[in-house]
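Asker: Using the working numbering, the letters of the sequence shown map in sequence onto residues 4 to 435. The beta carbon of each residue, even a glycine, is placed where N, CA and C say it ideally should be. All of these numbers come straight from a predicted model, not from anything done at the bench. Below is a structure I'd like to ask you about.
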Amino acid sequence: MGAQGKLDDLLRRLEVAMLQGSASERDGVRRRLRGLGVSKEVMRAIFGAGVDERANDEAPAFFATVEPWDEVVDGLNLVKDLDTFVGRYVVLDASQRLAVIAWILAAWMDEGFAQFGYLVIVSVEKRSGKTRLIEVIWLFAPRPLPPAPSMSPAALFRLIENHHPTVFIDEAQGLASPRTESQEALNEILCAGVRPNAVVFRCVGDEHEPMAFRVYCPKVIALIGRLNEVLEDRSIVIRMRRKKKDEKAHPFRPRRAEEEAQDLRRRIVRWVADNRAAVEQAYSVIAAPEFLNDRAAENWTPVLAVMQVAAPSRVPELIEDAKEIEVEEAKDDSIGVQLLSDILETFDSLRAEKLSTKFLLSRLKQLDERPWATWGHGGEGLTPHALARILRGFEIEPEKWREGEAGVRGYRRNAFEDAWARYLPGRRESKA
Numbered sequence: 004m005g006a007q008g009k010l011d012d013l014l015r016r017l018e019v020a021m022l023q024g025s026a027s028e029r030d031g032v033r034r035r036l037r038g039l040g041v042s043k044e045v046m047r048a049i050f051g052a053g054v055d056e057r058a059n060d061e062a063p064a065f066f067a068t069v070e071p072w073d074e075v076v077d078g079l080n081l082v083k084d085l086d087t088f089v090g091r092y093v094v095l096d097a098s099q100r101l102a103v104i105a106w107i108l109a110a111w112m113d114e115g116f117a118q119f120g121y122l123v124i125v126s127v128e129k130r131s132g133k134t135r136l137i138e139v140i141w142l143f144a145p146r147p148l149p150p151a152p153s154m155s156p157a158a159l160f161r162l163i164e165n166h167h168p169t170v171f172i173d174e175a176q177g178l179a180s181p182r183t184e185s186q187e188a189l190n191e192i193l194c195a196g197v198r199p200n201a202v203v204f205r206c207v208g209d210e211h212e213p214m215a216f217r218v219y220c221p222k223v224i225a226l227i228g229r230l231n232e233v234l235e236d237r238s239i240v241i242r243m244r245r246k247k248k249d250e251k252a253h254p255f256r257p258r259r260a261e262e263e264a265q266d267l268r269r270r271i272v273r274w275v276a277d278n279r280a281a282v283e284q285a286y287s288v289i290a291a292p293e294f295l296n297d298r299a300a301e302n303w304t305p306v307l308a309v310m311q312v313a314a315p316s317r318v319p320e321l322i323e324d325a326k327e328i329e330v331e332e333a334k335d336d337s338i339g340v341q342l343l344s345d346i347l348e349t350f351d352s353l354r355a356e357k358l359s360t361k362f363l364l365s366r367l368k369q370l371d372e373r374p375w376a377t378w379g380h381g382g383e384g385l386t387p388h389a390l391a392r393i394l395r396g397f398e399i400e401p402e403k404w405r406e407g408e409a410g411v412r413g414y415r416r417n418a419f420e421d422a423w424a425r426y427l428p429g430r431r432e433s434k435a
């Protein structure tokens, strides 16, 4: 290896150290470089934004340092092998798999983007594979925190400030409609945390000195139902469905899967170290597809830039994936909101406080120019199960009560009030 090759190898290893090392290790590298007269500006030019100063706390033990692959990594083969790995353990549409893989690679470079949206994994019911997908993503994400069903706001912003991890929040139904002070504070952090300069201010110490804490880092959120609208707009949404009998996935054994993932993870680290500058250049000039609105474009541009460098031949596929995911999101929005609107009209016209499922469905199917009478693949019309599935996305559940001697299952008006306020704000005023 010549002098230039040795220098390139040294710079790559230094960058990996800055990406993965603990706070104290990164601080040590900075001190040694500054002792040699290297300015912070020069370090930024060499290593990118990832050399920002962070707190000097030791990284938790679960942040394992990964040695980069010894050889140059081909991006197309890396994407292909990641696709195979994800598909082995998770039943997921090919379009969604590619989006997940591009997001994982982009997460290693998040500080080079003006915004990096969250990866949100949702389903309408449990046992749809959300947690399994989180476990697979965790194997490849940069500095991944163990998935947690809940996390205090203070713990979250301190972990982000000190370690810039990838945050995993599972079973995040409480974020869909925050009700407690803690949920509101967590929602505030997440709403802000898609931009590198995002901070929250908190008073610390006996003197209650105001301090700014950074809240920007990659985040993966999973829940049944839907997030609130603000967070969804800051996310790429992956919709999971319960697998059919003929859809198979390999049994997931965490230790074995982690061993299988080691070489792939090393290849990711090497590819990122070699291609960071190229991705940032692609990101600076890439044009978002016209079908994306401004917010969606901000979410998709980083993953498109990564794919442009890693596997250019698959960029058209990823663009089609973005259209499929975003159009499905818009379709779900319009259908769900239309259903909420029609149910509001039904309650108002009857001046009712509760309606049985059977009666509500009969009224919905009588509405002109609405899809409810022919809903479903066979055109059988909207069923109680389909109605419940759509409404569950708005955190609306059927209830049981008695009418005389008969048991009745249906919906109470007050169960819809929160959803009407959020999605039909101009029509919430009731005539009842």
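Anyone know if the C-beta pair for L136 and L95 falls short of 8 Å?
Answerer: Contact flag set, yes.
Asker: CB F66 to CB H166, shorter than 8 Å?
Answerer: Taking 8 Å as the Cβ cut-off, F66 and H166 qualify as a contacting pair.
Asker: Less than 8 Å between CB atoms is the rule here; does L226 satisfy it with respect to chain C?
Answerer: Absent here is chain C; the protein component of the structure consists of one chain.
Asker: Please report the distance separating the alpha-carbon of L347 from that of W423.
Answerer: If you take the alpha carbons of L347 and W423, they lie about 8 Å apart.
Asker: Using the three-state DSSP reduction, which class does I140 fall into: helix, strand or coil?
Answerer: I140: helix per DSSP, three-state reduction.
Asker: Between F171 and P150, which are expected to be in contact by the criterion C-beta below 8 Å, what is the C-beta distance as a whole number of angstroms?
Answerer: The pair is a contact, with the Cβ atoms about 4 Å apart (cut-off 8 Å).
Asker: By Cβ distance below 6 Å, which residues in the same chain neighbour A195 in space, the five residues on each side in sequence not counted?
Answerer: Closer than 6 Å at the Cβ level, and outside the excluded window around A195, lie A201, V218.
Asker: Mind reading off the beta-carbon distance from A128 to I227? Whole number of angstroms is fine, and I expect it under 8 Å.
Answerer: For clarity, residue 128 is Glu in the given sequence; the question names Ala instead. Going by Cβ atoms, the distance from E128 to I227 rounds to 7 Å, so yes, they are a contact pair.
Asker: In terms of DSSP beta bridges, what is W404 paired with?
Answerer: V411.
Asker: Under a Cβ-count criterion, where at least 16 other Cβ atoms within 10 Å of its own Cβ denotes burial, should T304 be classed as buried or exposed?
Answerer: Counting Cβ neighbours within 10 Å, T304 comes out buried, since at least 16 surround it.
Asker: Taking three-plus beta-carbon pairs below 8 Å as touching, is the stretch 77 to 87 in contact with the stretch 238 to 257?
Answerer: These segments do not touch.
Asker: On the DSSP letters alone, give me the boundaries of the alpha helix (DSSP H) that F160 sits inside.
Answerer: Run containing F160: 156 to 166, per the alpha helix (DSSP H) assignment.
Asker: Can you have a look at L189 and say buried or exposed, based on whether 16 or more other CB atoms are within 10 angstroms of its CB?
Answerer: When all chains shown are included, L189 counts as buried.
Asker: Which complete beta strand (DSSP E) runs does the stretch 337 to 370 hold, if anything under 3 residues is left out?
Answerer: Within the stretch 337 to 370, the complete beta strand (DSSP E) runs of at least 3 residues are 357 to 359.
Asker: Can you check whether the CB of F255 is closer than 8 Å to the CB of G339?
Answerer: No.
Asker: List the endpoints of the continuous alpha helix (DSSP H) containing A252.
Answerer: First-last for A252: undefined, no H or E at that position.
Asker: Taking just the CA atoms, how far does Y286 sit from A109?
Answerer: In a straight line, the C-alpha of A109 is about 11 Å away from that of Y286.
Asker: I'd like to check one pair, V282 with M112: are the Cβ atoms closer than 8 Å?
Answerer: Cβ distance < 8 Å, so M112 and V282 count as in contact.
Asker: Pick helix, strand or coil for A300, following the three-state DSSP scheme.
Answerer: A300 falls in the helix class under three-state DSSP.
Asker: Buried or exposed for W404, going by 16 or more other Cβ atoms inside 10 Å?
Answerer: Counting Cβ neighbours within 10 Å, W404 comes out exposed, since fewer than 16 surround it.
Asker: Take the Cβ of S153 as the centre, count every other Cβ of all protein chains shown within 10 Å, and call the residue buried at 16 or more, exposed below.
Answerer: Looking at its Cβ environment, which holds fewer than 16 other Cβ atoms inside 10 Å, S153 is exposed.
Asker: If I'm right that F216 touches R198 with Cβ under 8 Å, what's the distance once you round it to whole angstroms?
Answerer: Wrong, their Cβ atoms sit about 14 Å apart, outside the cutoff.
Asker: Am I right that P71 and R298 are in contact with their C-beta atoms under 8 Å? What's the rounded C-beta distance?
Answerer: The Cβ separation is near 35 Å, so there is no contact.
Asker: Taking the C-alpha atoms as reference points, what is the distance between E327 and P147?
Answerer: Each residue's Cα considered, the two are about 29 Å apart.
Asker: According to DSSP, is P374 part of a helix, a strand, or is it coil?
Answerer: Three-state result, P374: coil.
Asker: To the nearest angstrom, how far is it from the Cα of K251 to the Cα of V89?
Answerer: Those two C-alpha atoms are separated by around 13 Å.
Asker: Please classify K326: does DSSP put it in a helix, a strand, or coil?
Answerer: In this structure, K326 counts as helix in the three-state DSSP scheme.
Asker: Does DSSP classify V203 as helix, strand or coil?
Answerer: Strand at V203.
Asker: According to DSSP, is L226 part of a helix, a strand, or is it coil?
Answerer: Correct three-state label for L226: strand.
Asker: Under a three-way DSSP split, which group does R198 fall into?
Answerer: If DSSP states are grouped into helix, strand and coil, R198 belongs with coil.
Asker: What residues in its chain sit with their C-beta under 7 Å from that of S155, if we drop five residues either side in the sequence?
Answerer: Same-chain partners within the cutoff: S185.
Asker: Could you give the distance in angstroms between the alpha-carbon of E191 and the alpha-carbon of D421?
Answerer: So the alpha carbons of these two residues sit roughly 19 Å apart.
Asker: Helix, strand or coil for S131, going by three-state DSSP, please let me know.
Answerer: Three-state DSSP puts S131 in coil, outside helix and strand.
Asker: Output needed for N302: all residues of its chain with C-beta closer than 6 Å, excluding positions within five of it in sequence on either side, in chain order.
Answerer: The answer, listed in chain order, is G120, I239.
Asker: Suppose you measure from the CA of A418 to the CA of Q176; what does that come to, to the nearest Å?
Answerer: Spanning the two alpha carbons is a distance of roughly 16 Å.
Asker: Helix or strand or just coil, what does DSSP make of R244?
Answerer: R244: coil per DSSP, three-state reduction.
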